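Heads up, the thing below is written out as structure tokens.
Protein chains in written order, with the numbering used here: chain L, 79 to 323; chain W, 24 to 381; chain E, 535 to 758.
Set out below in structure tokens:
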């Protein structure tokens, strides 16, 4: 299935010279869609977006996937690709800084200081697998800093990624969970339920870096997409979705 | 004592509609071409098909408009065309399957009967075998014993010989004849083979297109020339006789029947024993006077009772009375006219072949 | 060779597969029996529902199970009402999901076995005074033995190999829902290839042995 999809993408890329193939970290799905619309209006170029886990994109790019730009969920993967020659040196930059939120689908469940963690009156606390996902690792760091890790660990339900962590909470199966703020923000405000935006000081900065990939070398649309992301118009959109920049 | 069976059932392209009153003892053959509904009727009696109607077996109602006794509550034995032994059980356990269930409370009470039935059908040496290691005839013997061991009040057999080749059939028929002599319950036997019917049946129901078109005692019914179905080469008379004398020099036996006597090949049947004699219509020829200068051994005086057209326009079937016994003879229409055969006419019948059928 | 958490995952996986297989046989047998013997209009729809896990991605099943068994889903409301709480992130939830997911692997071999037996031996049993229930246990079940063997092995093995649904509704909790396949996934994603190899090679060997056993059983069944 996936090779077929990639082949299809590849064929369209050849046929339409004014398109850019972008691999987008799943947590950045909503802002990337909005940005692609604005980008097309401003430049006439079209950004073709593929969403997924950064680790998977890494493996695909290393194996010849036709992506021209990567918007990663972390800063390590772009650096690694650059070192390995799969990305162009010097094109790496931070396009967004992720914020962690403790969120519940129920209104009023999570207070604005995170005291709910101290009371520990829930059965399930969802988070992305800290071994695999930056937001999961950040959640564990925050709990450690609050000295609440041991009290809450028995209630952990671990998701494969941040999108699944959101799903666990959204479906009500977990009363609350650590998600990306961008997942619960809509038009600069909390969409539904209740949330505590975890102070950035409690965990390492979740830097999301973009990089121009080898396949995008010398492609006008790819370069235009990267400079568009650095522009103030794009940054306003990104902030609106709960990222800092 | 009787088996009263009235069944109606309609399927696309087939309708069964019968109302029978069968003898409460002896062998009744349900006879007819394949597709005539004889197996369906048998399955209705067992409850395997749900026909509407009524079935009473020697006074016990198994089914009527208001009630339907499930198959497993009917005291019947059923022998299928394909023996249907249980492949996962050896012969002994196959035999025990129905017996244990029929005699849940008195399992030990009938062990002598069990041994007798195993003996009757010669199953002693087969008890430890698995069904797959039995010949077709052996399988059918086990199937019959298995059915008998439930102490049925009605025994139903659906062409138990149909799946056997000729040699196996000959080997198997004597077992069935022994069984017939021992049996004190009604046996309803489906067959399309006239020789089996001639050998085994006491009573016959001739079926065609889902209806019973003729029924009655075997001899009487087979000698009818107005049967709605044609038996062709198998048309002939069957009647009872008794061995009166055995001639050691010529290896012939003289049998007496109601109306005369016949010389037949001596097959070892002792003097005084009742036998069944079958004379096919094609083996009977007719003369206006007695001819002693022919090779034929059996010459009998007879009266022409009736005649009927055969399938082929050249042939006629003639019913002849020899004493109290009816015979059938087949000859060409041309000969019939030359001999001026008409009911009441006195003739001589020459019988080319006589078969003792048990 | 295996870490304590690997061993816990192996033990949990075997426990899950055993419980699931027993339940599958209990639930799958009557379904297969009905499917094999009915000619009613609902045979097609029922067969299609049972076979759906064969074609649906596990993530679809997992997603719907998560919603159905959640606090707002009908199953979730029911389990809360009878006092056993919510099923996701629990061993019971994995059992329910595994039963749904592996159902076709148990029902289909059983259905094939029952269909191969056909009406004939059962009719014979009925004429030998066996009630339908009696005939089922004394004739149909023993004759369908190869089908039961295949169903048991496939149900067990398929549950051991299940991943997508467990990932969706399991929550990766040690001793409760972290089964071997999830453990391997974690090792691989974390690039701990040595640990992944140990478990993955074990799974490969297990799958080979199971399929070999199945093949041998089948060929022996044909011969006898």
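All residues carry an ideal CB built from backbone N, CA and C; glycine is no exception. Being a predicted model, the structure only gives us computed values, none of them experimental.
Please compile the residues from chain E whose C-beta is within a distance smaller than 7 Å of the C-beta of residue 320/L. In the first chain, the residue the question calls residue 320/L occupies position 242. Correct list: empty, because the minimum Cβ distance to chain E is about 25 Å.
For the region 622–654 of chain E, which residues have a beta carbon sitting closer than 8 Å to at least one beta carbon of chain L? Contacts with chain L (Cβ-Cβ distance below 8 Å) from the region 622–654 of chain E involve 622 and 623, listed in chain order.
Roughly how far, in whole angstroms, is the beta-carbon of residue 101/L from the beta-carbon of residue 159/L, given that I think they are within contact range, below 8 Å? As a position in the first chain, residue 101/L is number 23, starting the count at 1. As a position in the first chain, residue 159/L is number 81, starting the count at 1. Contact flag wrong, Cβ pair sits at about 11 Å.
Out of 561/E, 609/E and 601/E, state which residue places its alpha-carbon closest to the alpha-carbon of residue 702/E. Here residue 702/E corresponds to residue number 168 of the third chain, with the count starting at 1. Ranking 561/E, 609/E and 601/E by CA distance to the CA of residue 702/E puts 601/E first.
Please report the straight-line C-alpha distance between residue 349/W and residue 224/W, rounded to a whole angstrom. On the second chain, residue 349/W is found 326 positions in, with the first residue counted as 1. On the second chain, residue 224/W is found 201 positions in, with the first residue counted as 1. Near 17 Å, if we compare the C-alpha coordinates of residue 224/W and residue 349/W.
The alpha helix (DSSP H) with residue 371/W in it runs from where to where? On the second chain, residue 371/W is found 348 positions in, with the first residue counted as 1. For residue 371/W, no alpha helix (DSSP H) run applies; the uninterrupted beta strand (DSSP E) run containing it begins and ends at 369–374, by DSSP.
Report the start-end ranges of each beta strand (DSSP E) in the region 257–307 of chain L that is 3 residues or longer and not cut off at the edges. DSSP runs (the beta strand (DSSP E)) wholly in the region 257–307 of chain L: 272–275 and 284–290.
Which listed residue (118/W, 149/W and 154/W) has its alpha carbon closest to that of residue 134/W: For the purposes of this step, residue 134/W is taken as residue 111 along the second chain, with counting starting at 1. For residue 134/W, the nearest C-alpha among the options comes from 118/W.
For residue 226/L, collect the residues of the same chain with a Cβ closer than 6 Å to its Cβ; drop the 5 residues on either side in sequence, then sort them by chain order. Position 148 of the first chain holds residue 226/L. Closer than 6 Å at Cβ, skipping near neighbours: 195.
Expressed to the nearest angstrom, what Euclidean distance is found between the alpha-carbon atoms of residue 669/E and residue 723/E? For the purposes of this step, residue 669/E is taken as residue 135 along the third chain, with counting starting at 1. For the purposes of this step, residue 723/E is taken as residue 189 along the third chain, with counting starting at 1. One C-alpha to the other measures close to 53 Å.
Once DSSP output is grouped into helix, strand and coil, what is the label at residue 68/W? Working through the second chain from its first residue, we reach residue 68/W at position 45. Looking at residue 68/W - three-state DSSP - the assignment turns out to be helix.
Of all the CB atoms in chain W, is at least one closer than 8 Å to the CB of residue 715/E? Counted from its first residue, the third chain places residue 715/E at position 181. No - not a single Cβ of chain W is within 8 Å of the one on residue 715/E.
How is the alpha helix (DSSP H) around residue 360/W delimited, first residue to last? Taking the second chain and counting its residues from 1, the one referred to as residue 360/W is at position 337. For residue 360/W, the enclosing alpha helix (DSSP H) begins and ends at 356–361.
C-alpha distance - residue 245/W paired with residue 254/W, whole-angstrom precision: Counting from 1 along the second chain, the entry for residue 245/W is found at position 222. Counting from 1 along the second chain, the entry for residue 254/W is found at position 231. Residue 245/W and residue 254/W have their C-alpha atoms roughly 10 Å apart.
Closer than 7 Å at the beta carbon, the chain L residues around residue 723/E: Within the third chain, numbered from 1, the residue matching residue 723/E stands at position 189. Correct list: 133 and 210.
Using a beta-carbon distance below 8 Å, is residue 7/W in contact with chain E? This structure leaves residue 7/W out entirely; chain W is present only between 24 and 381.
In chain W, which residues lie with their C-beta within 9 Å of the C-beta of residue 579/E? Counting from one through the third chain, the residue named residue 579/E turns up at place 45. Within chain W, no residue has its beta carbon less than 9 Å from that of residue 579/E; the closest one is some 25 Å off.
Reduced DSSP secondary structure (H/G/I, E/B, other) of residue 173/W: For the purposes of this step, residue 173/W is taken as residue 150 along the second chain, with counting starting at 1. Of the three classes helix, strand and coil, the one that applies to residue 173/W here is coil, per DSSP.
Please list, in chain order, the residues of the region 173–184 of chain W that have any C-beta partner in chain E closer than 7 Å. Listed in sequence order: 173.
What does DSSP give as the partner residue(s) for residue 321/W in the beta ladder? What you label residue 321/W is simply residue 298 of the second chain in a count that begins at 1. According to DSSP, which records beta bridges pairwise, residue 321/W is partnered with 374/W.
What would DSSP say about residue 415/W, mapped onto helix, strand or coil? It is not possible to answer for residue 415/W, since the shown part of chain W is limited to 24 through 381.
Give me the Cα-Cα distance between residue 28/W and residue 607/E, rounded to the nearest whole angstrom. On the second chain, residue 28/W is found 5 positions in, with the first residue counted as 1. On the third chain, residue 607/E is found 73 positions in, with the first residue counted as 1. C-alpha separation (whole angstroms): 59 Å.
Is any non-hydrogen atom of the ligand ZN found closer than 7 Å to the C-beta of residue 221/L, if you look at the structure I gave you? The ligand ZN is not part of the structure shown, which contains no ligands of any sort.
Establish whether the CB of residue 728/E and some CB of chain L are separated by less than 8 Å. Mapped onto the third chain, residue 728/E falls at position 194. Among the CB atoms of chain L, none fall inside 8 Å of the CB of residue 728/E.
Please confirm whether residue 298/W and residue 344/W have their CB atoms less than 8 Å apart. Sequence index remark: in the second chain, residue 298/W carries index 275 (1-based). Sequence index remark: in the second chain, residue 344/W carries index 321 (1-based). Not a contact, by the Cβ cut-off of 8 Å.
Kindly indicate if chain W contains any beta-carbon less than 8 Å away from that of residue 573/E. On the third chain, position 39 is the one that residue 573/E refers to. No, residue 573/E does not count as interfacial toward chain W.
Between residue 107/W and chain E, is the shortest Cβ-Cβ distance under 8 Å, so that the two count as touching? Taking the first residue of the second chain as position 1, residue 107/W is located at position 84. The Cβ of residue 107/W sits closer than 8 Å to at least one Cβ of chain E.
Count Cβ pairs between the region 97–109 of chain W and the region 162–176 of chain W that sit closer than 8 Å; are there 3 or more? The answer is yes - the region 162–176 of chain W touches the region 97–109 of chain W, with three or more Cβ pairs under 8 Å.
Output the boundary residues of the beta strand (DSSP E) element that contains residue 56/W. The residue you call residue 56/W lines up with position 33 of the second chain. In the DSSP assignment, residue 56/W falls outside any beta strand (DSSP E), carrying neither H nor E.
Segments assigned beta strand (DSSP E), at least 3 residues, entirely inside the region 183–249 of chain W: Listed in chain order, the complete beta strand (DSSP E) runs (minimum 3 residues) inside the region 183–249 of chain W are 210–214, 226–231 and 234–240.
With distances taken between CB atoms, is the gap from residue 166/W to residue 106/W smaller than 8 Å? Translated into positions along the second chain, residue 166/W becomes position 143. Translated into positions along the second chain, residue 106/W becomes position 83. Yes.
Taking a cut of 8 Å between CB atoms, which residues from the region 226–254 of chain L lie near chain E? Among the residues of the region 226–254 of chain L, those with a Cβ less than 8 Å away from any Cβ of chain E are 234, 235, 236, 237, 238, 242, 245, 246, 249, 250, 251 and 252, in the order of the chain.
Counting only the same chain and skipping the five closest in sequence on each side, list residues whose C-beta sits under 7 Å from that of residue 547/E. Your numbering for residue 547/E matches position 13 in the third chain. Excluding positions up to five away in sequence, the list reads 694, 713 and 714.
Out of 115/W, 190/W, 279/W and 85/W, state which residue places its alpha-carbon closest to the alpha-carbon of residue 267/W. Counting from 1 along the second chain, the entry for residue 267/W is found at position 244. With distances taken between Cα atoms, residue 267/W lies closest to 279/W.
Within 7 Å of chain L by C-beta, residues of the region 538–553 of chain E in sequence order: For the region 538–553 of chain E, no residue has a beta-carbon sitting nearer than 7 Å to a beta-carbon of chain L.
Limits of the beta strand (DSSP E) - the one that residue 301/W falls within: Locating residue 301/W in the second chain gives position 278, where the first residue counts as 1. In the DSSP assignment, residue 301/W falls within the beta strand (DSSP E) that extends over 297–303.
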